[in-house]
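For what it's worth, the working numbering labels the leading residue of the sequence shown as 202, then goes sequentially.
Glycine included, every Cβ here is placed at the ideal spot set by N, Cα and C.
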Amino acid sequence: MDRLKALVILVLLVDVVAVGAIAAMMVGEGNGQKAAEPSVTGVVDAFRLYTTTGSEAFNGTLVGDVRANETPGGSIFYFNGSGYVNLSTALSSLNGLKTGSISLFFRFERSGQNVLPILYIGDRKGENMFIVEIGHRSEGNRRLYVTWVADGKPFLCFDSGFNLKPGRWYHLVVVVGKNGNTAYLNGREMRWRHYNFGNESIRAFIWDIPKKEAFFIGYGKTADPITSKFLYFKGSVADVRFYTEPLGWNEIRKILGEARRLILINP
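Given below as structure tokens:
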């Protein structure tokens, strides 16, 4: 009799364990529950804003598979194609910029994606944005693109005019002043740049993005005909800076020299 009671108890325990395991599997497979969120880690001095009176450092968060390394010259971020840096809390300090400059170093890796987004400021639907990206419609296109989009339609977009090489560091500075827009690549003004939309006389900067909710490094999209969803970057981005003033050639060459010395980058 005692053996029979023990057998009944054992069967009940097995049933409880089995039900628990099945429930856990159902939760893990969805069953109306959210999937596990990617890991999020805070990072200090993720980018800097330079004004006429000094500079201010802004913190961010690392989301997913991305690493950060602090250097005397700024942060370097390493992206493996499934993580990004979220800087959206800093947007209130950038919203009013009608002119100015954006400076950053980047190195992209080979990827099957047509587009590799480096820096994105815009809404979370991808209808209004400013984006710096590698690539466009085909995998063989590895030009550098700088694009502004309003209500789903690009109104200013220029590209490097030639394919960039994976594994190599590049320095980009986008400059917008009272006379329009330009850009510098590795210290040289991109006078050869090709305009897909708009022209060099258009003065568009952060202010001109109709809706700004997100600021990402290593994650973003461009207009829907090119990318229908947000994508990740694969490579590295270093020393991201915003300036309230349009930079000139001498100032840009100085940034390039400092990076070579402090970050040990050789574009």
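Could you tell me the alpha carbon to alpha carbon distance between Ile335 and Ser304, rounded to whole angstroms?
Here residue 335 is taken as the residue at index 134 of the sequence shown, counted from 1. Here residue 304 is taken as the residue at index 103 of the sequence shown, counted from 1. Cα-Cα distance, rounded: 16 Å.
From Arg311 to Ala405, what does the alpha carbon distance come to, in whole angstroms?
As a first step, residue 311 must be located in the sequence shown, where it is residue number 110. As a first step, residue 405 must be located in the sequence shown, where it is residue number 204. Near 31 Å, if we compare the C-alpha coordinates of Ala405 and Arg311.
Taking all protein chains shown into account, do 16 or more other C-beta atoms lie within 10 angstroms of the C-beta of Ala439, making it buried, or fewer, making it exposed?
By one-based count along the sequence shown, residue 439 stands at place 238. Result: buried.
Who does Ala247 pair with in a DSSP beta bridge?
Start at 1 with the first residue of the sequence shown, and residue 247 comes out as number 46. DSSP, once it has assigned bridges, lists no residue as partnering Ala247.
Candidates Ala460, Val347, Glu452, Leu365: which alpha carbon is nearest Asn400's?
Working through the sequence shown from its first residue, we reach residue 400 at position 199. Out of Ala460, Val347, Glu452, Leu365, Val347 has the C-alpha closest to the C-alpha of Asn400.
Alpha carbons only, please: which of Tyr285, Lys326, Lys455, Gly378 is nearest the one belonging to Gly265?
The count along the sequence shown starts at 1 and reaches residue 265 at position 64. Residue Tyr285 is the option with its Cα nearest to Gly265.
Please determine whether the Cβ atom of Phe417 lies at a distance below 8 Å from any heavy atom of the ligand SAM.
With respect to the ligand SAM, the structure shown offers nothing to examine, as it has no ligands at all.
Anyone know if the C-beta pair for Phe431 and Asn287 falls short of 9 Å?
Here residue 431 corresponds to residue number 230 of the sequence shown, with the count starting at 1. Here residue 287 corresponds to residue number 86 of the sequence shown, with the count starting at 1. For Phe431 and Asn287, no; Cβs fall outside 9 Å.
Looking at Arg442 and Leu250, is the spacing between their C-beta atoms short of 9 Å?
Residue numbering aside, residue 250 sits at position 49 when the sequence shown is read from its first letter. Residue numbering aside, residue 442 sits at position 241 when the sequence shown is read from its first letter. Yes, the Cβ-Cβ distance between Leu250 and Arg442 is below 9 Å.
Starting from the N-terminal side, write out each stretch of the beta strand (DSSP E) that is 3 residues or longer and does not extend beyond the stretch 290 to 328.
Listed in chain order, they are 301 to 309, 317 to 323.
From the DSSP output, which residues share a beta bridge with Asp440?
Your numbering for residue 440 matches position 239 in the sequence shown. DSSP, once it has assigned bridges, lists no residue as partnering Asp440.
Roughly how many angstroms lie between the CA atoms of Phe331 and Arg462, to the nearest whole one?
Residue 331 sits at position 130 when you count from the first residue of the sequence shown. Residue 462 sits at position 261 when you count from the first residue of the sequence shown. Going by the C-alpha atoms only, they are around 30 Å apart.
Starting from Pro355, trace the beta strand (DSSP E) in both directions and tell me its first and last residue.
Translated into the one-based positions of the sequence shown, residue 355 becomes position 154. First-last of the beta strand (DSSP E) with Pro355: 354 to 360.
With DSSP collapsed to three states, give me the class of Glu459.
Translated into the one-based positions of the sequence shown, residue 459 becomes position 258. Helix at Glu459.
Closer than 8 Å by C-beta to Asp360: which residues in its own chain qualify, once you throw out the five before and the five after it? Chain order, please.
For the purposes of this step, residue 360 is taken as the residue at position 159 of the sequence shown. Around Asp360: His337, Arg344, Leu345, Tyr346, Val347, Arg394, His395, Asn397.
Please identify the residue among Val374, Arg308, Lys354, Phe363 whose C-alpha is closest to the C-alpha of Arg454.
Numbered from 1 along the sequence shown, position 253 holds the residue referred to as residue 454. Nearest C-alpha to Arg454: Val374.
Since Val245 and Asn260 should fall inside the 8 Å C-beta cutoff, what is the C-beta to C-beta distance between them, to a whole number of angstroms?
Locating residue 245 in the sequence shown gives position 44, where the first residue counts as 1. Locating residue 260 in the sequence shown gives position 59, where the first residue counts as 1. Going by Cβ atoms, the distance from Val245 to Asn260 rounds to 5 Å, so yes, they are a contact pair.
Could you say which of Ala460, Trp450, Tyr444, Asn380 lies nearest to Ser256 if we only look at CA atoms?
As a position in the sequence shown, residue 256 is number 55, starting the count at 1. That would be Tyr444, whose Cα lies nearest to the Cα of Ser256.
If we ignore side chains and look at the alpha-carbon of each, how far apart do Lys366 and Phe434 end up?
For the purposes of this step, residue 366 is taken as residue 165 along the sequence shown, with counting starting at 1. For the purposes of this step, residue 434 is taken as residue 233 along the sequence shown, with counting starting at 1. For Lys366 and Phe434, the distance between alpha carbons rounds to 15 Å.
Work out the CA separation of Phe363 and Val316 for me, nearest whole Å.
Taking the sequence shown and counting its residues from 1, one reaches residue 316 at position 115. Taking the sequence shown and counting its residues from 1, one reaches residue 363 at position 162. Rounded to whole angstroms, Val316 to Phe363 spans 15 Å at the Cα level.
So the beta strand (DSSP E) Met391 belongs to, where does it begin and stop?
As a working mapping, residue 391 is identified with position 190 in the sequence shown. Segment: none, Met391 is in no beta strand (DSSP E) and carries neither H nor E.
When DSSP builds the beta bridges, which residues end up paired with Asp266?
Position 65 of the sequence shown, counted from the first residue, corresponds to residue 266. Paired residue(s): Ser283.
Following the continuous beta strand (DSSP E) through Phe363, name the residue where it begins and the one where it ends.
Taking the first residue of the sequence shown as position 1, residue 363 is located at position 162. Looking at the DSSP string, Phe363 is not in any beta strand (DSSP E), and its letter there is neither H nor E.
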